[in-house]
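Our numbering puts the first residue of the sequence shown at 8, with every later residue one more than the last. Backbone N, C-alpha and C define an ideal beta-carbon position, used for all residues, glycine too. Nothing here was measured: the structure is a model prediction, and the numbers come from that model. Heads up: the structure comes next, in C-alpha cells.
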Amino acid sequence: MHIALIMAHPDDADIYCGGSIAAWRSMGATVTILIATDGSKGGDFDPEELAQLRSKEATAAAKVLDANLIQLNFPDGELSQSEEFASRLTTEILHLQPNLLVAHAPNDYHADHRAVSAGALIAASFRAPLLWVDPMMGNDFLPNYYVDITPFQDQKEQAILCHTSQGPEHFVEMSRVQGHFRSAQCGQLEGFAEAFRHDPIHPFADIRSLIPPAPPLQPVVVKSPTKNASPKPT
Ligand SMILES: [Zn+2]
Numbered sequence: 008m009h010i011a012l013i014m015a016h017p018d019d020a021d022i023y024c025g026g027s028i029a030a031w032r033s034m035g036a037t038v039t040i041l042i043a044t045d046g047s048k049g050g051d052f053d054p055e056e057l058a059q060l061r062s063k064e065a066t067a068a069a070k071v072l073d074a075n076l077i078q079l080n081f082p083d084g085e086l087s088q089s090e091e092f093a094s095r096l097t098t099e100i101l102h103l104q105p106n107l108l109v110a111h112a113p114n115d116y117h118a119d120h121r122a123v124s125a126g127a128l129i130a131a132s133f134r135a136p137l138l139w140v141d142p143m144m145g146n147d148f149l150p151n152y153y154v155d156i157t158p159f160q161d162q163k164e165q166a167i168l169c170h171t172s173q174g175p176e177h178f179v180e181m182s183r184v185q186g187h188f189r190s191a192q193c194g195q196l197e198g199f200a201e202a203f204r205h206d207p208i209h210p211f212a213d214i215r216s217l218i219p220p221a222p223p224l225q226p227v228v229v230k231s232p233t234k235n236a237s238p239k240p241t
C-alpha cells in the first residue's frame, strides 16, 4: 500500500496527520509526503535562508516518521488554483501511483492549503481516492474517518518539533488539544485521534481497507444507583 500526501508547507504533514503517517507506516504502507511550497514566508527571516532551513527541518521530520519526501518548491504564499499547479501535481501522482491521496480540505482557512486541495482533486481523478485532513481546530469540518494515534502521538510531536523555525511547541499544544477532542468524539477521552473526510466518488465508495484503525469502540454505560447508596442531601 502506498499513501501519498500533498501538503502546502514544510510542517503541515506533521501537524495535521503525523500520527496517521506513523500508523500507516506501522501497517507496512509506504508513505510519500509532497510539499508544494518552499516555506520561505513562514517567519521573519531572509526568504532564501528560511527556505533552506525549512527544507532541512522537513527532511529531519520525515526521517522521524520514516516517510519519503518530495519538495516541489513553489513560492510560499503564492499557490494558485491554476492549470500549471494541477498539472504538476498530476505528473507527480501519475509517477507515484498511490493507493490513497491525502490533502488539505477544500474549506481550509489558508489560501495555499485550498490551492493544494483543488489541485489534488484534479490529480486524484479516477487514479486514487482522496482523503481530506482536518483543518486547524476542525472549523466547519465534518469527519467521517478517525484514526487512533494514541500510540503515535509522541512520534508525531517529535516530528513537529523538528520545525524549529516555526515555534513548534505551539503546534504540539494545538495537536494535543485537537487530538484529544477528536478522540473524545469517539468516546476515548484520554486518547489522541486524527480526523479525516472522504467524499465517496466512483469507484471509491468505501476506503476503509486503506485507513488505520479508529479509536476502540466502547458503549456508554449508565450505572444504576447502588441499593445502599446514601441519599443525596437536598
Ligand atoms: Zn500550511
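Looking at the backbone, the Cα of Tyr-152 and that of Ser-190 are separated by about 11 Å. Rounded to the nearest angstrom, the Cβ distance from Ala-43 to Leu-86 is 6 Å, consistent with a contact under 8 Å.
In this structure Ala-131 is in contact with Leu-108, their Cβ atoms being roughly 5 Å apart against a cut-off of 8 Å.
Separation of Asp-53 and Pro-226 (C-alpha to C-alpha, rounded to the nearest whole angstrom) is 54 Å.
Residues with their Cβ less than 5 Å from any non-hydrogen atom of ligand 1, running along the chain, are Ala-15, His-16 and Asp-19.
Secondary-structure assignment with DSSP links Trp-139 through a beta bridge to Ala-110 and Arg-204. For a cut-off of 8 Å, the C-beta gap from Gln-195 to Met-144 is around 19 Å, too long to register as a contact. A buried status is given to Tyr-23, since no fewer than 16 other beta-carbon atoms sit within 10 Å of its beta-carbon. Contact between Gly-26 and Phe-199 holds: CB atoms are separated by about 6 Å, below the 8 Å threshold. Bounds of the alpha helix (DSSP H) holding Tyr-23 are 19-33.
Nearest neighbour of Pro-158 by Cα position, chosen from His-9, Pro-113, Ala-29 and Ile-10, turns out to be Ala-29. Leu-96 sits away from Gly-49, with the two beta carbons spaced by 7 Å or more. Along the length of the region 39-81, whole alpha helix (DSSP H) runs at least 4 residues long occupy 54-72, reported in chain order.
Bridge partners of Tyr-153 according to DSSP: Ala-202. Relative to Ile-167, the option among Met-8, Ile-10, His-16 and His-9 whose CA is nearest is His-16. By the neighbour-count definition (other C-beta atoms within 10 Å, threshold 16), His-177 is an exposed residue. In terms of Cβ geometry, Leu-41 and Glu-99 form a close pair [threshold 7 Å]. Residue range 175-192 is occupied by the alpha helix (DSSP H) that includes Met-181.
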